[in-house]
Structure formats: C-alpha cells, structure tokens
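S.K.:
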Amino acid sequence: MTMSLNASTPNGAFNGINRKKIETVDDVIRGAEEHNAVPLWPQMVKFNPPQPNPKCVPQIWRYDEVRPYLARAGELVKEKDAERRVLMLINSQREGPYTTDTLYAGLQLVMPNETAPAHRHTAFAMRFIIEGNGGFTAIHGKRIQMNHGDVILTPTWNWHDHGKDGSGPMIWLDALDLPLFQFFPVHFVEHFKEKRYPAEDVNAEESPIVFPWARMRKELDGVGGDWAKKEYRRADGGYVSKTLNPSAERINSHKSTPIRRETTSCVYHVISGSGESRIGEKVLGWKKSDTFCVPSWYPYQHTAGGGETVYLYRFDDKPMIEALGFYVEEGPNGVVRDENKL
Ligand SMILES: [Fe+2]
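The opening position of the sequence shown corresponds to residue 5 in this note's numbering, with each subsequent residue numbered one higher.
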C-alpha cells in the first residue's frame, strides 16, 4: 500500500483522520491548534524582527537606596536561613534572574563570623568587591582575601564558600550567567557535606582567578586619551569564561566616551567618580557604587562629572555572543559584524 501526502482533496474537503472539513483559513488555524500546531505567518515579524529587540530596559540600582535593605537583611535574615544573602538586581521588564536578558547581577552580604556554605554549580560567577574588610572566598581549596575593587572568578563546577572575619559587613557585586539556564535547563548545583570546603590561604597577587584593582587601574592609567577600556583576560590572552567578560574603563573628568551599541548587553558598576550615561532615550545619573545596565543594541554614551576621574567596572556576554556568531558592534569605526561568507 502506498501513502499519499495529499490526504485532502483540492478543496480541502476533509482531514483524513477526524473527517473535519477544512475549508477556510479559520478552519486551518482552529484545527491546527487542536494538534498543537500554529501558523507562523501572523507572527513572522515578532520572531524575525529587523533588529535586536531586548525585553530589558536601561535601569539603575543606586547603592544608597538598596544598601539599607541589604544591611537590614544582615540583621534579620540569619545565616541558616539564607544559603546566600543576596538582593538580586532585577530588570523591571522581566520576572526571574534577569538584570539584562542574558546577565544576572546581585548584591551579596556576609556578616562577621558567618559562612556562606560550600557549593558548586554549572553557572560561572564573578565577584566585584564593593566594601568591607576581612572577607574571603575559598574556591576549590584556595582561600583568597577580598579587597575593594578586586575581581574574583569562580569558574564552573568549583567548590566555593565565602566567609568573614573582623567587624562590619562585606558586600560585593555578584555576576553570573543565570539567565542562560532559563533557556537551557542544564544547571547542576551540588552542596558540600561540610559548611566549608578545606582550603589554604593563597596570595591574591599570584592567583590566576584574582584581578587586583591596583593592577587594572595602573593599566588603564597607562593608556593615553580621555577614555580607556581594558578587558580582564587570562594569562594566555583568552576570555576568563565562555559566557561572561569583565572589563574596566577610565573616563577623565568632564569627558565622554564615544557613542556605541553592541549586540552584547552589559552591566556597569561605578568604582569611583560620578557622571551620567545616555542609554537610548534615557539619561541615568550615577555615582560611586551604583550599578546600571545597558540592554543589547541600545546606543550608549558615558560622561564623567567634574573633579574626579571616573573608573567603571563592567561585565558583558561577549564570549558567548561572539562564539555563536551574533556579535555586531556599531561605533566610531562603523559597523563590525561577524559574516559567514561562503
Ligand atoms: Fe555559588
């Protein structure tokens, strides 16, 4: 017996299985829906927009406004009730761990004599240290002291716990690739049997997973011009991660960066100084310890205020965007785009 693909007559008289008449477009839509199939053509532009269409919007999280709630959480939420005492920085246009559509940032607090217990996970994490003394993070047996402005990596699937000696809180900005796991349900998280994974002290200056601020600042100051940008890279020149890319920028007092836009989204954190950023139609004023985001393909420009040189920390999703062939940049040098010419 041969099977025919043309199960209906030219007038679409009948579906061969349930014998329903399929005469009009409406019959097609309603009938197909009953079988979990829907027409693409009415939604063609939605799924194939002429340019990137991020859901997230430019947004700022002012440290002065958020910090009191984090500090109070340090008193009210006990160590045993929060594996990680974090306020997630959530974009107003999304629900879930989205600071941008692809990046997650959160402010984490550890109080004296506390331990954020050891775990490991698929997600890649980085910390930018904002305030406090005596804090440490232990990553797969290496205990590292946290110092203001340092960037500390937690590579995928390494046991890590955080702790704090001495007085006062320790606060840092977490950067993770958590939104990815909303797309790819491939995230593993494992908890260690003890609160702390056995660790020895290591010198931050010699560790490949620590980037001291003093070193990066010197590099930025060594570049000429009113704006300088440097990425934190591995010793062999590669990205520090397959997903996230940290960098830092210097902007001299009263000067502006070029207007740029990229298919990467990014999160900025103000290391020092004050100023404002125009992102799309929005102008966000900022000062030390504020955090703000730039969604994909929004034109943006930073302008430093007076009196003090501005230093910014930034992380973006360039390694993965680039690896997938999605990277496009538009700036003073025109458009840079990955093209796969045959
Ligand atoms: Fe973690």
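The beta-carbon is built from N, C-alpha and C at its ideal position, and this holds for glycine as well.
(1) Out of curiosity, what's the CA-to-CA distance linking V206 and H144?
(2) DSSP three-state label for F192, please.
(3) Note the first and the last residue of the continuous alpha helix (DSSP H) segment covering K222.
(4) Between the stretch 261-277 and the stretch 295-304, do at least 3 Cβ pairs fall closer than 8 Å?
(5) Could you check how far apart the C-beta atoms of E135 and I175 are, in whole angstroms? I think they sit under 8 Å.
(6) Locate the beta strand (DSSP E) running through R34, then write down its first and last residues.
(7) Can you grab the Cα-Cα spacing for the pair H191 / R124, in whole Å?
(8) For K234, which residues in the same chain have their Cβ closer than 7 Å to its Cβ, ignoring the five residues on either side in sequence?
(9) Within 10 angstroms of the Cβ of N95, are there 16 or more other Cβ atoms? Answer buried if so, exposed if not.
(10) In this structure, how does DSSP classify A77 when only helix, strand and coil are distinguished?
(11) Which value, in whole angstroms, describes the spacing of the CA atoms of Q112 and V90?
(12) Taking the C-alpha atoms as reference points, what is the distance between A129 and R34?
(13) Looking at the secondary structure, which residues open and close the alpha helix (DSSP H) in which I325 lies?
(14) Can you list, in chain order, the residues of its chain whose CB lies under 6 Å from that of E333, leaving out five sequence neighbours each side?
(15) Less than 8 Å between the C-beta atoms of D230 and I255, yes or no?
(16) Can the beta-carbon of Y304 be found closer than 8 Å to that of S281?
(17) Counting C-beta neighbours from all protein chains within 10 Å, is the total for Q47 16 or more, i.e. buried, or is it exposed?
(18) Once DSSP output is grouped into helix, strand and coil, what is the label at E69?
(19) Please classify A203 as buried or exposed, where buried requires at least 16 other C-beta atoms within 10 Å of its C-beta.
(20) Listed by chain order, which residues have C-beta atoms less than 6 Å from any heavy atom of ligand 1?
M.R.: In this structure, then:
(1) Against the sequence shown, residue 206 aligns to sequence position 202. Against the sequence shown, residue 144 aligns to sequence position 140. Each residue's Cα considered, the two are about 12 Å apart.
(2) Your numbering for residue 192 matches position 188 in the sequence shown. Note: F192 maps to coil in three-state DSSP.
(3) Sequence index remark: in the sequence shown, residue 222 carries index 218 (1-based). Here the alpha helix (DSSP H) through K222 covers W217 to D225.
(4) yes
(5) Within the sequence shown, numbered from 1, the residue matching residue 135 stands at position 131. Within the sequence shown, numbered from 1, the residue matching residue 175 stands at position 171. Going by Cβ atoms, the distance from E135 to I175 rounds to 5 Å, so yes, they are a contact pair.
(6) For the purposes of this step, residue 34 is taken as residue 30 along the sequence shown, with counting starting at 1. Per DSSP, R34 belongs to no beta strand (DSSP E); it is in the alpha helix (DSSP H), V29 to E37.
(7) Residue numbering aside, residue 191 sits at position 187 when the sequence shown is read from its first letter. Residue numbering aside, residue 124 sits at position 120 when the sequence shown is read from its first letter. Those two C-alpha atoms are separated by around 11 Å.
(8) By 1-based counting over the sequence shown, the position of residue 234 is 230. Cβ within range, chain order: M220, E223, L224, S251 and A252.
(9) If you number the sequence shown from 1, residue 95 lands on position 91. So N95 ends up on the buried side.
(10) Within the sequence shown, the letter at position 73 stands for residue 77. If DSSP states are grouped into helix, strand and coil, A77 belongs with the helices.
(11) As a working note, residue 112 is residue 108 in the sequence shown. As a working note, residue 90 is residue 86 in the sequence shown. Cα-Cα distance, rounded: 4 Å.
(12) Within the sequence shown, the letter at position 125 stands for residue 129. Within the sequence shown, the letter at position 30 stands for residue 34. Cα-Cα distance, rounded: 46 Å.
(13) Walking along the sequence shown from the start, residue 325 turns up at place 321. Note, I325: alpha helix (DSSP H), K322 to A327.
(14) Here residue 333 refers to the residue found at position 329 when the sequence shown is read from its first residue. Counting only Cβ-Cβ distances below 6 Å, and skipping sequence neighbours, we find E266 and V340.
(15) Here residue 230 refers to the residue found at position 226 of the sequence shown. Here residue 255 refers to the residue found at position 251 of the sequence shown. It is a contact, given that the beta carbons lie within the stated cut-off.
(16) The count along the sequence shown starts at 1 and reaches residue 304 at position 300. The count along the sequence shown starts at 1 and reaches residue 281 at position 277. It is a contact, given that the beta carbons lie within the stated cut-off.
(17) Residue 47 sits at position 43 when you count from the first residue of the sequence shown. Classification for Q47: exposed.
(18) Start at 1 with the first residue of the sequence shown, and residue 69 comes out as number 65. Helix, per DSSP.
(19) For this step, residue 203 is matched to residue 199 along the sequence shown. With 16 or more other Cβ atoms within 10 Å, it is buried.
(20) H123, H125, A129 and H164
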